[in-house]
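In this note's numbering, each residue carries its 1-based index in the first sequence increased by 451.
C-beta: ideal position from N, C-alpha, C; glycine also.
Please read all numbers here as calculations on a predicted model, not as lab measurements.
Down below is the structure, laid out as C-alpha cells.
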Amino acid sequence: MRYLPEFQMRWSRFFLQTVREVPADADAVSHILLTRAGMLRRVSAGVYSLTPLGLKAHRKAEAIVREEMNRAGALEVELPILQPRELWEESGRWSRYAAEEILFHLTDRKGGEYCLAPTAEEAVTSMVRAGVTSYRQLPVTLYQIRTKFRDEIRPRFGLMRGREFLMYDGYSFDADTEGLDRSYRAQEAAYRRIFERCGLDFTVVDADSGAIGGSASQEFMVLASTGEDAVVRCPACGYGANLEKARTGPRPVPWEDETITGMQEVETPGRGGIESVVEFLGITASRMIKCLVYETEKGCVVALLRGDLDANEVALKNALGVDHLALASEEKVEPATGAPVGFVGPHALPEGIRVIADESVRGAVNAVTGAGRRDWHVRGFATERDARVDDWAEIAQARAGDPCPRCGKPLEIARGIEVGHIFKLGTKYSTALKCEFTDEKGDTKPAVMGTYGIGVGRTMAAAIEQHHDADGIVWPLALAPFAVEIVSLNSADEATRQAGDALYEALAASGTEVFYDDRDERPGVKFKDADLLGFPLRVNVGGRALKDGNLELVTRHDRKVRLVPKDGAAEAVRKALEELAAR
RNA sequence: CGGGGCGUAGCGCAGCCUGGUAGCGCACCCGGUUCGGGACCGGGUGGUCGGAGGUUCAAAUCCUCUCGCCCCGACCA
452 MRYLPEFQMR WSRFFLQTVR EVPADADAVS HILLTRAGML RRVSAGVYSL
502 TPLGLKAHRK AEAIVREEMN RAGALEVELP ILQPRELWEE SGRWSRYAAE
552 EILFHLTDRK GGEYCLAPTA EEAVTSMVRA GVTSYRQLPV TLYQIRTKFR
602 DEIRPRFGLM RGREFLMYDG YSFDADTEGL DRSYRAQEAA YRRIFERCGL
652 DFTVVDADSG AIGGSASQEF MVLASTGEDA VVRCPACGYG ANLEKARTGP
702 RPVPWEDETI TGMQEVETPG RGGIESVVEF LGITASRMIK CLVYETEKGC
752 VVALLRGDLD ANEVALKNAL GVDHLALASE EKVEPATGAP VGFVGPHALP
802 EGIRVIADES VRGAVNAVTG AGRRDWHVRG FATERDARVD DWAEIAQARA
852 GDPCPRCGKP LEIARGIEVG HIFKLGTKYS TALKCEFTDE KGDTKPAVMG
902 TYGIGVGRTM AAAIEQHHDA DGIVWPLALA PFAVEIVSLN SADEATRQAG
952 DALYEALAAS GTEVFYDDRD ERPGVKFKDA DLLGFPLRVN VGGRALKDGN
1002 LELVTRHDRK VRLVPKDGAA EAVRKALEEL AAR
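Structure (C-alpha cells):
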C-alpha cells in the first residue's frame, strides 16, 4: 500500500460514497448535505460517525479553534471524559444534572458511579487548585477540544444537536474580576477570529446568565433560518440579545392621554382567554391585562402583563429570584387566586399572594381584566388605583417591531444557531471546590473563573446552513476538506489521464489539498458529485478544452469558468486559491 | 413526558385493510452500446419483512408484548 499524504487523494482509492436520494430522517439542510456527500452517518439518535471526508472538514474547524486559542494564550489540556460522581458532588451539580436527566451516568464493577462529561468545570478546577497557590501564578486559561456527552431531550438536525459531540471548552482563572474581564475579552476576540476565518455571518448577543450566578454571558449566533434559537437584533444600532435576555424600550400605550374612569363589571360567559374576550367585547388585546398564575418553590405568584404580550419566563424567574417556575395547573389557579383560569382579577386577589407586574401595564387606565369570578370581567381597570403590585419588572418577551432598548428603532427577530458561548462564571466553582490562592496581602481567595464553549461539529454544520445551493455544499475555503477537485472527464482516454495525473502530481507536490476524481464515470455524474461535495475550486480535464491545450477552472461559489493553459495549470490553481482565500 | 407516525435489500419506497412461499426505483456485479450535467439495452447478486410470543393448514399481512427511530407539542389563562 502506497503511503499518501492526507492532503491529496484519488477518489478511486478513497472511501467515499455519495447518495442521490435524500435520507428519510434528515431534516436540516446541513444534515441532508453532509449525509448525501457521504461525510456523515447516523449510528443512533444524536450519535454519528464521520467518514474520512467528514473528519477532514471537522478537523479543519478544530484546527482553527486550536490555532486561535493558542494565539490567545490559552493552554491545551486533556481532562477526563469519564468522571467520578464525587467530583460532581463537590460542585453540587450531580443531583441537578441527574435530575434534569441530561447526564449520561454509569456504574463500574465496584459500584462506583461515573458520568460521561457534558462539560468539565469540576475537572479543570480540581486541576488548577492542585497547582495554583499564589496570585503570581494567575491568570491562566486552560482548554480542551474533546467529545462531550449530553442526553438531550430531543437530538436533532444531525451534527447540530447530538448527544455525543466535539466541543471546545475553555476555562479562565483570574485573581480578580478585572482579570476576568481581560480573560473574557481575550476569548471573545479569539471567537470572533475563529468564526470570521470559518466564513460565517454571525452576531454576538447578550445571553441569560441566570441562576448560575454569572455576571455576563454572550452567545455567538450564526444567522440561519433553521436556527433553533430566536435572537433579537436592532439593525439600526447593533443591539443584540437572546430572546430570553432581550429588553425593549417603552412600547406605545393604548391608553395615552385617556382620563381615568370607574371600574365596572361586565358579564363574559364562557369567555376565558384573551382572544375570546377581545372578540366578545370588541376591543384590542393591548387593552387587556392578563393575569398569569405561576407556581414556584416559594409558592404561587401572579404575573400581570398587557394582553398582547407574552411572558418571558426566564426574565420572570430572574426577577422573582426563584429556581423553579411553571404555569400553575388549572386546578390550582382557583384555590390560589379565588377565580378560575381566565377570570383572575388583579384587584380581587387574596392577601399574601405575590404580584409581579410587567412595565407594560404601568399607568394603564380603562383596561379590561378578569373580575375575580367566573364568567365576569371588568372594564375601566386602572393598575395603580386597583391593583396591589409587589414588584415591577420587565417580564414580557420582545417582539419584532418593538422599540430597541438602546436607540428606540424597531427590533428584528432572527433565527440563529448558537455556535459559541462565553460566560463570566465568578467564584461558584472555585468556592465550591476550594480552588483558592493567596493574594498580595496574604489573604486566601477563590479564583475568579470564566467558562467558554464552541461546538465544533455545530460550527461546521452552521457553515453548510449558510453556504450551500440547490446542488450541494459551497464550502468556505477554510473549512473545505479539499481545496481543489480535479475532474477527469474521461479516465479511459490516455491524453486526458496524463493531463489529469500531471496536474494532480504537481499540486500534490506543492502541498495543495487536492482531490482527484479519476473514477470511470460519465462526466455528468462527476459534475453532480463535485457540486455536491462543494470544494471551492474544480478543474475539468479533458474534452474540447484539452484538445486546445487548456483546462477549465471552475469556482464553486459563483460557477465562473475560465480556461487556463494545461502547462501552467498548477500555478493557475494556486493563484486562484489565493484569490479565494483573500475573498 | 404527551400526541402522531414509521421499522420490508446499502438507500428511497410499495405490499398489510381483504393471510396463500416478497416486489419496484436507485446503487452493486457481468456483457454490449454510449460518453460535457446523475445514459440505455440485456442478464444477475442481495432481504431471518426490527424482535419475542400467540391465532391459523398457512403470517410481512391478524392479535399481544417489546425494542428502535422520526416528527410535533410541553400548557402564555
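Environment of residue i [buried if 16+ CB atoms lie within 10 Å]
i: Ile924; result: buried
i: Asp659; result: buried
i: Cys858; result: exposed
i: Cys855; result: buried
i: Leu617; result: buried
i: Arg1007; result: buried
i: Glu1003; result: buried
i: Ile777; result: Here residue 777 is Ala; the residue named in the question, Ile, does not match the sequence. Flag for Ala777 reads exposed.
i: Arg698; result: buried
i: Ala921; result: exposed
i: Ser495; result: exposed
i: Ser623; result: buried
i: Ser463; result: exposed
i: Phe874; result: buried
i: Pro927; result: buried
i: Glu964; result: buried
Cβ-based neighbour list, residue i, same chain, cut-off 7 Å, excluding 5 preceding and 5 following
i: Ala662; result: Since pLDDT at Ala662 reaches only 48, below the 50 mark, its modelled position is unreliable, and no value is offered.
i: Arg392; result: Any answer about residue 392 is impossible in this case: the structure gives the chain only from 452 up to 1034.
i: Lys507; result: Pro932
i: Glu845; result: Arg698, Ala766, Asp809 and Glu810
i: Ser831; result: Correcting the residue type first, residue 831 is Gly in the shown sequence and not Ser. So the qualifying residues of the chain are Thr712, Gly713, Met714, Gln715 and Asn817.
Residue range of the unbroken beta strand (DSSP E) whose run includes residue i
i: Val938; result: Val935 to Ser939
i: Ile515; result: Careful: Ile515 lies outside any beta strand (DSSP E), inside the alpha helix (DSSP H) at Pro503 to Arg522.
i: Gly821; result: Ala818 to Gly821
i: Ala777; result: Leu776 to Leu778
i: Ser495; result: Leu491 to Ser495
i: Arg461; result: Gln459 to Arg461
i: Leu1014; result: Val1012 to Pro1016
i: Glu716; result: Gln715 to Glu718
i: Ala844; result: Asp842 to Ala844
i: Leu533; result: Leu533 to Pro535
i: Thr1006; result: Asn1001 to Thr1006
i: Thr889; result: Glu887 to Thr889
Proximity below 8 Å, CB of residue i to CB of residue j
i: Asp937; j: Val1005; result: Checking the displayed sequence, the identity of residue 937 turns out to be Ile instead of Asp. Taking 8 Å as the Cβ cut-off, Ile937 and Val1005 do not qualify as a contacting pair.
i: Leu954; j: Val992; result: yes
i: His918; j: Val480; result: no
i: Gln459; j: Ala959; result: yes
i: Ile868; j: Met672; result: yes
i: Asp890; j: Tyr586; result: yes
i: Glu716; j: Trp827; result: yes
i: Thr576; j: Ser961; result: no
i: Pro590; j: Ser634; result: yes
i: Gly877; j: Val899; result: yes
i: Trp706; j: Ala818; result: yes
i: Leu557; j: Tyr548; result: no
i: Gly796; j: Ala787; result: no
i: Thr469; j: Leu983; result: yes
i: Arg866; j: Ala675; result: yes
i: Ile734; j: Ala815; result: no
Residues near residue i by beta carbon distance below 6 Å, same chain, minus five either side
i: Ala1023; result: Val1015
i: Arg461; result: Tyr967 and Asp969
i: Arg493; result: Tyr499
i: Ile645; result: Ile515, Val516 and Glu519
Residue i Cβ short of 7 Å to the ligand HEM heavy atom set
i: Asp559; result: The ligand HEM is not part of the structure shown, which contains no ligands of any sort.
Contact set for residue i: own chain, Cβ-Cβ below 8 Å, skip 5 residues either direction
i: Lys860; result: Cys685, Pro686, Ala687, Cys688 and Pro854
i: Gly613; result: Gly497, Val498, Tyr499, Glu603, Pro606 and Gly908
i: Ala641; result: Glu519, Met520, Arg522, Ala523 and Ala525
i: Leu610; result: Ser481, His482, Leu485, Leu491, Tyr499, Phe616, Gly908, Arg909, Met911 and Ala912
i: Ile807; result: Val752, Val753, Ala754, Leu755, Leu767, Ala770, Leu771, Val840, Asp841, Asp842, Trp843, Ala844 and Ile846
Span of the alpha helix (DSSP H) around residue i
i: Val784; result: Glu781 to Thr788
i: Thr882; result: Lys879 to Ala883
i: Arg805; result: Counting along the chain, Arg805 falls outside any alpha helix (DSSP H), though it belongs to the beta strand (DSSP E) covering Arg805 to Asp809.
i: Thr834; result: Thr834 to Asp837
i: Glu1029; result: Ala1020 to Ala1033
* Considering only residues of the stretch 724–762, which uninterrupted alpha helix (DSSP H) runs meet the minimum length of 4 residues and lie entirely inside it, listed in chain order? -> Runs of alpha helix (DSSP H) with 4 or more residues, each lying fully within the stretch 724–762, are found at 725–732, listed in chain order.
* Taking only runs that begin and end inside the stretch 965–990, name each unbroken alpha helix (DSSP H) of 4 or more residues, in chain order. => Correct list: 974–984.
* Can you list, in chain order, the stretches of the alpha helix (DSSP H) that have 4 or more residues and sit fully within the stretch 541–583? -> Those alpha helix (DSSP H) runs which fall completely within the stretch 541–583 and span 4+ residues are 544–550 and 572–582.
* **Ranges of the beta strand (DSSP E) found wholly within the stretch 660–696, counting only runs of at least 3** => For the stretch 660–696, whole beta strand (DSSP E) runs of length 3 or above, ordered along the chain, are 667–674, 680–684 and 691–693.
* **Every unbroken beta strand (DSSP E) inside the stretch 896–952 [3 residues or more]** => Within the stretch 896–952, the beta strand (DSSP E) runs of at least 3 residues that lie entirely inside it are, in chain order, 899–906 and 935–939.
* For the stretch 593–664, list the beta strand (DSSP E) runs that are entirely contained and at least 3 residues long, ordered along the chain. => 615–625 and 653–657, all fully within the stretch 593–664.
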